[in-house]
Amino acid sequence: MVDIIDVITSRKSIRRYKPDPISDEMIDKILEAARWAPTGENYQPWRFIVIRDQETKDRIGRLAKLGSGSRMTAWYCLGEMQERFEKIKDPVKKAEVLRFMYSGEVSEFARYAPVVIAVIGTLMEGSVDVPYDLSAAIENMLLEAHSLGLGACWVHGPVASTRDAKKFKEILKIPTGMGEYKVIAYVAIGWPKEQRKHPRPKLPLEDLVYWEEFGRKERPKYE
Amino acid sequence: MNEMEYCNDLIVRLEELLFHELSGCAAWKVEMVGVDFIQSKEIKGKNPDEVIQNCIKEIKAAGLVKEMSYAISGLGVKLELKMKGCSHLPKEIRLRQDGVKPYICPITNMILDQLIEKLKFETTYVADLHIDENSGECRVWSAIYEDENKIGSVCNWHEE
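Structural data, given as structure tokens:
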């Protein structure tokens, strides 16, 4: 069996795309990868809405821009955004990065992606694992897109607030009842326009792993 | 135990549970908590001042908060609400004792809801809850966006 660690470790979130279309075959492979994600008791609560219509993507992009912008404007006004980007020393560059964030433009990119796939879960069939199943499906989608040479980004923020999630459902004609479908995220996909740099630094395993019990950092010998 | 104590106990458990499940973004999902009360009151107003003042009248008349004032500043984006004697204060205190930073303010949600429902504000965001359990006062800062052009209107709220 092939070790996919290279695919996993070379993936990064891509938010800038070339306008080139993505073939149906590639879309189908990404959806197929999602379909094979682990799912509690094989409920498969996921449903996918593939969006290529520009007007729909524009509406989603606008919703995302307003959602992020509304939060980040407040975070900037509180001084929290400035702390987050304090490592940027060039004041001009820092100001531009901050403006890009608090204007909400940072989250607008769905409108420029050739394909957006909304990932929603039915809440009506008894599954007790909907958010977790959907998250596993999204990770499969990201890895498959990356392995095909595409870039993709998992986007949760624009559907995180209750009102925005309802607006998102209305755009896609998803039933809006709180007991019907959960919108967990969408995945924006396209041919990468930005240079695929090495993934952002990750914490070393020593900082993340305990052995046998919480807090125990040394690896015991195990015969 | 009176009804409000019982109600606060319920909210504490749910607020803790939601934070445990969702971490920080739990705060983004609770904007509708509290709105049913104010939506039942037929609040009227042609501008933010009238709407907010009429909300405060109903909130105080129902005994939910004893003293309440507001101020809009920060390029029209910052809404500050000050409350004393809020009936939900015991909830905030207990949450803190349990190690969870309070993030649901039903009273603030009521006012933000009416700005959206009655004045068609584009969106709102509860930015900061400051609770002083010793004095019994709460100060809540929210961002209110009359239209999408207001997003990105930044200044230092601490100097406002």
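Line by line, the protein sequences are chains Z and X.
Going letter by letter, the first sequence gives residues 1 to 223 in the working numbering.
Going letter by letter, the second sequence gives residues 1001 to 1160 in the working numbering.
Cβ atoms here follow ideal geometry from the backbone N, Cα and C, with glycine treated the same way.
These figures come from a predicted structure and were not determined experimentally.
**OP:** Answer with buried or exposed for Glu-83(Z), where buried requires no fewer than 16 other C-beta atoms within 10 angstroms of its C-beta.
**Re:** For the purposes of this step, residue 83(Z) is taken as residue 83 along the first sequence, with counting starting at 1. Result: exposed.
Original post:
What are the residues of the region 58-72 of chain Z that lie near chain B, defined by any Cβ-Cβ distance shorter than 7 angstroms?
Top reply: Looking for chain B here will not work: the only protein chains present are Z and X.
Original post:
Cβ of Leu-1064(X) within 8 angstroms of Cβ of Ser-1087(X)?
Top reply: As a working mapping, residue 1064(X) is identified with position 64 in the second sequence. As a working mapping, residue 1087(X) is identified with position 87 in the second sequence. Yes, the pair counts as a contact, with Cβ atoms nearer than the cut-off.
Subject >> Every unbroken beta strand (DSSP E) within the region 1036-1095 of chain X, with a cutoff of 3 residues, ordered by chain >> reply: Entirely contained in the region 1036-1095 of chain X, the beta strand (DSSP E) runs reaching 3 residues are, in chain order, 1067-1073, 1078-1084.
Original post:
Is the beta carbon of Gly-190(Z) less than 8 angstroms from the beta carbon of Leu-148(Z)?
Top reply: Working through the first sequence from its first residue, we reach residue 190(Z) at position 190. Working through the first sequence from its first residue, we reach residue 148(Z) at position 148. No, the Cβ-Cβ distance between Gly-190(Z) and Leu-148(Z) is not below 8 angstroms.
Subject >> Ile-1059(X) to Asp-90(Z) span [Cα, whole Å] >> reply: As a first step, residue 1059(X) must be located in the second sequence, where it is residue number 59. As a first step, residue 90(Z) must be located in the first sequence, where it is residue number 90. Computed Cα separation, rounded: 48 angstroms.
**OP:** Compare the C-beta of Val-1051(X) against all C-beta atoms of chain Z and say whether one is closer than 8 angstroms.
**Re:** Locating residue 1051(X) in the second sequence gives position 51, counting from the first residue. Cβ-Cβ to chain Z under 8 angstroms: no for Val-1051(X).
**OP:** Could you list which residues in chain X have their beta carbon closer than 8 angstroms to that of Tyr-76(Z), in chain order?
**Re:** Within the first sequence, the letter at position 76 stands for residue 76(Z). Correct list: Val-1154.
**OP:** Say whether the region 1093-1101 of chain X touches the region 1001-1014 of chain X, bearing in mind that this needs 3 or more beta-carbon pairs closer than 8 angstroms, one atom from each stretch.
**Re:** In short, these stretches touch, since the Cβ pair count reaches three.
Original post:
With a cut-off of 8 angstroms, does the C-beta of Arg-47(Z) fall near any C-beta of chain X?
Top reply: What you label residue 47(Z) is simply residue 47 of the first sequence in a count that begins at 1. So, not an interface residue.
Subject >> DSSP-derived helix/strand/coil call for His-146(Z) >> reply: Within the first sequence, numbered from 1, the residue matching residue 146(Z) stands at position 146. When DSSP states are grouped into helix, strand and coil, His-146(Z) belongs to the helix group.
Original post:
Going along chain Z in order, which residues have a C-beta closer than 9 angstroms to the C-beta of Glu-1031(X)?
Top reply: On the second sequence, position 31 is the one that residue 1031(X) refers to. Within 9 angstroms Cβ-Cβ: Ser-161, Thr-162, Arg-163.
**OP:** Give a yes or no on whether the minimum CB-CB distance between Cys-1025(X) and chain Z is below 8 angstroms.
**Re:** By 1-based counting over the second sequence, the position of residue 1025(X) is 25. True, the Cβ-Cβ gap to chain Z drops below 8 angstroms.
Original post:
For Asp-20(Z), which three-state DSSP category applies?
Top reply: Walking along the first sequence from the start, residue 20(Z) turns up at place 20. Looking at Asp-20(Z) - three-state DSSP - the assignment turns out to be coil, as it is neither helix nor strand.
Subject >> Cα-Cα separation between Val-1035(X) and Ile-5(Z), rounded to whole angstroms >> reply: Counted from its first residue, the second sequence places residue 1035(X) at position 35. Counted from its first residue, the first sequence places residue 5(Z) at position 5. Each residue's alpha carbon lies about 48 angstroms from the other.
**OP:** Taking Pro-1106(X) as the reference, give the member of Gly-1045(X), Asp-1098(X), Ser-1153(X), Ile-1056(X) with the closest Cα.
**Re:** On the second sequence, residue 1106(X) is found 106 positions in, with the first residue counted as 1. Closest by alpha carbon: Ile-1056(X).
Original post:
Between Lys-1078(X) and Trp-1141(X), what straight-line distance do the alpha-carbon atoms span, to the nearest angstrom?
Top reply: On the second sequence, residue 1078(X) is found 78 positions in, with the first residue counted as 1. On the second sequence, residue 1141(X) is found 141 positions in, with the first residue counted as 1. Going by C-alpha positions, Lys-1078(X) is about 7 angstroms away from Trp-1141(X).
Original post:
Listed from N- to C-terminal order along the chain, which residues in the region 1125-1140 of chain X have their beta-carbon within a distance smaller than 9 angstroms of any beta-carbon of chain Z?
Top reply: Tyr-1125, Val-1126, Ala-1127, Asp-1128
Original post:
Taking the continuous alpha helix (DSSP H) assigned at Glu-1003(X), which residues delimit it?
Top reply: Translated into positions along the second sequence, residue 1003(X) becomes position 3. Counting along the chain, the alpha helix (DSSP H) containing Glu-1003(X) begins and ends at 1003-1022.
Subject >> Cβ-Cβ separation, Ser-13(Z) to Gly-157(Z) (assumed contact under 8 angstroms), whole Å >> reply: The residue given as residue 157(Z) occupies position 157 in the first sequence. The residue given as residue 13(Z) occupies position 13 in the first sequence. That belief does not hold up - the Cβ atoms of Gly-157(Z) and Ser-13(Z) are roughly 12 angstroms apart, past 8 angstroms.
**OP:** Could you pull the start and end residues of the alpha helix (DSSP H) that Leu-208(Z) belongs to?
**Re:** Stepping through the first sequence from its first residue, residue 208(Z) is reached at position 208. Looking at the DSSP string, the run of the alpha helix (DSSP H) that includes Leu-208(Z) is 205-208.
Original post:
Between which two residues does the alpha helix (DSSP H) containing Ile-1151(X) stretch?
Top reply: Within the second sequence, residue 1151(X) is the residue found at index 151, counting from 1. Looking at the DSSP string, Ile-1151(X) is not in any alpha helix (DSSP H), and its letter there is neither H nor E.
Subject >> Residue interval of the beta strand (DSSP E) (run including Ser-161(Z)) >> reply: Here residue 161(Z) corresponds to residue number 161 of the first sequence, with the count starting at 1. No beta strand (DSSP E) holds Ser-161(Z); DSSP gives it neither H nor E.
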